[in-house]
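Chemist:
Protein chains in written order, with the numbering used here: chain Y, -8 to 621; chain V, 2 to 574.
#1: List the DSSP bridge partners of residue 483/Y.
#2: Contact between the stretch 117 to 130 of chain V and the stretch 209 to 228 of chain V is defined here as three or more beta-carbon pairs at a separation below 8 Å; is this criterion met?
#3: When you compare each of 549/Y, 540/Y, 476/Y and 538/Y to residue 491/Y by their alpha carbons, which one comes out closest?
#4: Answer with yes or no whether the minimum CB distance from residue 479/Y to chain V is below 8 Å.
#5: Along chain Y, which residues have their Cβ under 7 Å away from the Cβ of residue 50/V?
#6: When the Cα of residue 408/V is compared with those of 564/V, 13/V and 264/V, which residue comes out closest?
#7: What is the DSSP secondary structure of residue 214/Y, counted as helix, strand or coil?
#8: Compare the beta carbon distance of residue 106/Y and residue 382/Y with 8 Å and say whether it is the shorter of the two.
#9: Within the 8 Å Cβ cut-off, does residue 83/V reach chain Y?
#10: Check each candidate in 195/V, 427/V and 241/V and name the one with the smallest Cα separation from residue 514/V.
#11: For residue 21/V and chain Y, any beta-carbon pair shorter than 8 Å?
#12: So, is the C-beta of residue 301/Y closer than 8 Å to a C-beta in chain V?
#13: So, are the CB atoms of residue 167/Y and residue 276/Y less than 8 Å apart?
#14: Excluding the 5 residues preceding and the 5 following residue 157/Y in the sequence, name in chain order all residues of the same chain whose CB lies nearer than 6 Å to its CB.
#15: Got a sec, what are the start and stop residues for the alpha helix (DSSP H) residue 223/Y sits in?
#16: Let me check understanding here. Comparing Cα to Cα, which of 190/V, 366/V, 35/V and 411/V lies closest to residue 561/V?
#17: Using CA coordinates, which residue listed in 77/V, 40/V, 43/V and 433/V is at the minimum distance from residue 57/V?
#18: Which of the three DSSP states is assigned to residue 72/Y in this structure?
#19: Under a three-way DSSP split, which group does residue 323/Y fall into?
#20: What residues in the stretch 119 to 140 of chain V have a beta carbon less than 8 Å from any beta carbon of chain Y?
#21: Can you pull the chain Y residues whose beta carbon is under 9 Å from the beta carbon of residue 175/V, in chain order?
#22: Going by DSSP, what residue range makes up the beta strand (DSSP E) through residue 53/Y?
#23: Which class does residue 310/V belong to by DSSP, given the choice of helix, strand or coil?
#24: Residues in its own chain within less than 8 Å of residue 52/Y by CB, not counting five upstream and five downstream?
#25: By the 8 Å beta-carbon criterion, what residues does the stretch 308 to 337 of chain Y contribute toward chain V?
#26: Please go through the same chain and pick out, in chain order, the residues whose beta-carbon is closer than 7 Å to the beta-carbon of residue -8/Y, but skip the five residues on each side of it.
#27: Are the CB atoms of residue 61/Y and residue 378/Y nearer to each other than 8 Å?
#28: Are residue 414/Y and residue 461/Y closer than 8 Å when you measure CB to CB?
#29: Verify the CB distance criterion: does residue -8/Y have a CB-CB separation below 8 Å to chain V?
#30: Residue 320/V touches chain Y at which residues, Cβ-Cβ below 8 Å?
#31: Excluding the 5 residues flanking residue 569/Y on each side, which residues of the same chain have their C-beta closer than 8 Å to its C-beta?
#32: What first and last residue would you give for the alpha helix (DSSP H) that runs through residue 288/Y?
#33: Mind checking whether residue 137/V and residue 208/V have CB atoms under 8 Å apart?
#34: Tell me where the beta strand (DSSP E) around residue 336/Y begins and ends.
#35: Tell me which residues share the same chain as residue 257/V and place their Cβ nearer than 6 Å to its Cβ, disregarding the 5 neighbours each side in the sequence.
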């Protein structure tokens, strides 16, 4: 059986597979979706060209994403006898120059990002190791451990790093009930957003009688700005499969579905391949590793509806019905897919499972806080220096994530807030930056863990505008089934739109509606929260409630002064020429695309507000900084 | 029974019941918009929320399981405020045209707004403009009035098994749509009108023929006659505030005469005629090894259902026209001559409990030289409107009798209004035709009681006839699958499109209250029990019609006028 070789290799062979030492040069290119977006395909082509031109016998490996999206495309080089070294922003043009120098044994520390543990090899001077690099230093990389490091298509590499040991040992040593209890003991909670204890969920499904049970992996990942699940699948697909197989053993499922959005073609390709290989290696299919466990894995592509992340809607979608939630109870663990007991967990939850079963529930539970154990992956984005994927131990403060790992705010601007938990989440202002990553702590400050979206906002971000963005998203993604969510979110959006609309652009009736609307905003929010059918609707008002809670003064400025303090709501900005500073050079008038600037040459100009479209061309054109906005 | 608390009092519930069911039993009303009693709850409208007094949370009573220890307040300020806001949200996207709406004074949304004290347009915003779909000959759809409760979708799919409608689009673009957003006439809609019955607003209505009828009544060159279906006399009363199941046959006839119809005929007469033709056809098929089982053809939505979903079953359908079309044919091609009127001058109206009859009257198979036998079909609801429009006060009328010769009927013909009625009438006559004796007390109990599929067997002169009765197209599917597979054990099957038959037809007074349907049913059986003429073959007017005009059942003239053909419509799938 092929599987034997996966587990019976000698230490030397494993070292080779892990590339602790290499016989010939290896060039790695981070070719996840994010890397490809930054130009990794050109980098890859340039690397191939360079290797061919220099007649070097080298391996080229496409890896997933290591997490530092801000510096992509990333290219690693490992020369025989030398530590693996990572270079940042390696675009197609730069690749050959970097390769030229590194193959000569020299690196420009400006382009080098980080170097791997040297081990028996010689390290590189002046290049930080993972333990030293500020972005990686504070992370606890369990789920992302292999991402960007290994070849995601190689089951050998996964196994050489301890992969499938957890499954092998679970099948040999634990009964399904013991497996459930291990999950319970670990304290693992749903990483998709709800935070329901995973072990408890498994226990419910385990307790259900019946031959047929289903296991479903939710890889729908619909939050704007979230890409944790995609990175895990692209960078380390076998980890997900192993986690799911252990879960299936625990609850007694023989059929499993991965519900993944069709917008993730690379992830789907990796999964398809991984499933085929795992079946070949007897890690999926009938009698897995010679045990009584049989598991058949199916991929179901979703059409990318946010609501299909809700478990009952997801079930409907897999069943071929319209993705609309249904009332719970009955909960899926009792009556789920095709009416059978079903456990639904998200990708990150399953990806934690091998970790728990390999090193024990105790070690997992030891990391984190009392009620939130293990780690959490966040997609860090927005106005932060180091955007990308970070994995931190529970209990890490938001300040650490934003300022230490994230490197602080871009362009030295002042921090304003982070939005955590996507459209259903909330924002955390300056005053609460020391809040710890913990399901309960976050709830206390009016936010939620969510699936891992973390958007950093600075002083130039308008919080009313942020609320408007999320409200727009939610009202478009509402399934339309229940009235409060379908009709209410739309009206809330309209109210926000009216607040950010200039008086010039509204009719008398609209102005009246604006006043009515402001008075209704919180009332509407309360009805939507308390009466909506599913989680999407119940949390839909959160962006408004949370920004209103912490940034009421910004709302007030919009409503009463009709001004946007952050200068983001274009409609509320007024452009003005400061008479004393204007020399009458006419440059601004010439640049104005709508002819809104008038004035005789050599005398101060003025702007006709009704005509001005607030494009900012005049500010750029003015050599005397005579144009102001307010 | 276990107990829970509602408004401070203990109320009983059975295990597995929802809070709403328990409340209903205890006589506590909680309004709903999307709930359908006989189907699993969907929890879409959220109008039924009640407050859980322990947590202060609002829970949807329609889907929340009742549990011991649960305590709810059905009309707490919080619950009432939530309900009111939800209604206001609906109204914000609803056309302000109650006065011009078909459902004015009879609309669930309007009633709810009134009950909850909506007196001001607090919430306003953009309204979504949509087009009216008037493509179907039977049903009009005005999506702007739709509140997306989904009752029509569930009725169409889960009760009727047609699935012509479903949700499409997301968020505020969400709407009820046919496949590929085609107009209704190009969809698989069978025009049964059950969606119209379920609709809480004016989004679904019949396509009205009132104006045509009124114009004809005014036209001196036209002789306007009307026939009314067996189920109408026991349901029309509800439109005038009388209890369900009141039989107002005489008053209705009087009202129609007062409106100006030259003759008022009873479709029950042609039901008797149908029995003569259909019984003859059945005997022919049984004795001459024709296609069996034979299936009834009175219900036009069922015909379209078969044409669309079961085209291979079409040879099993009786070739008999429906009673409406039979009477339409003899009125125009026989009665007009007896009255010395040009048959083209007859304007033939029918009052039916059905929306699909509008579609049937326009079928190309029903046209004679391009002209229809039935010029206009009115539903029970339209008939009530007509009576109101002519300012007729029913209570001030003297009951009148239908006009002869098509006013005489047996109570067997009257039973056509209920599911099982055609079968019962056919069995009574078949018994007589084959044995020469009347059937015992004439009641065929096996086809009367129960829901879904009912079956009976009848041994006559050593010949055992097996028969089945089914109503509701969803229920019919199982029987039809057997027929299509060639494994059906029956000789004769009665299929009615609407659950319970014509008394619950898509043209009846609005609502899906099963109690009303039961009362209408009881009224029909009471009429039968009290009748002296209870079998179709003893209807002298029918016999006379054969004598003077048609010849014999199944004869040449009959075939010309009383039988029809069908067409497969698989292109709609």
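Note that the Cβ used here is the ideal one computed from N, Cα and C, for glycine as well. Quick caveat: nothing in here was measured; it's all calculated off a predicted structure.
Modeler: By the coordinates alone:
#1: Beta-bridge pairing links residue 483/Y to no other residue.
#2: no
#3: 549/Y
#4: yes
#5: Result: 522.
#6: 264/V
#7: Coil, per DSSP.
#8: no
#9: yes
#10: 195/V
#11: no
#12: Among the CB atoms of chain V, none fall inside 8 Å of the CB of residue 301/Y.
#13: Note that the C-beta distance between residue 167/Y and residue 276/Y is not below 8 Å.
#14: 345, 348 and 349
#15: 219 to 226
#16: 366/V
#17: 77/V
#18: coil
#19: coil
#20: 123, 124, 125, 126 and 127
#21: 469, 470, 471, 472 and 477
#22: 50 to 54
#23: helix
#24: Once the five neighbours on either side are set aside, the close Cβ partners of residue 52/Y are 17, 18, 19, 20 and 142.
#25: Only 313, 315, 317, 318 and 320 from the stretch 308 to 337 of chain Y bring a Cβ to less than 8 Å from some Cβ of chain V.
#26: Note that residue -8/Y has pLDDT 42, beneath the 50 cutoff, so the model's placement of it is unreliable and no number is given.
#27: Cβ distance < 8 Å, so residue 61/Y and residue 378/Y count as in contact.
#28: yes
#29: Note that residue -8/Y scores a pLDDT of 42, beneath 50, so its modelled location is shaky; the value from the coordinates is reported in the next line. Output row for residue -8/Y: interface = no.
#30: Within chain Y, no residue comes near residue 320/V; the closest Cβ sits about 39 Å away, beyond 8 Å.
#31: 617, 618 and 619
#32: Careful: residue 288/Y lies outside any alpha helix (DSSP H), inside the beta strand (DSSP E) at 287 to 293.
#33: yes
#34: Note, residue 336/Y: beta strand (DSSP E), 333 to 337.
#35: 227 and 265
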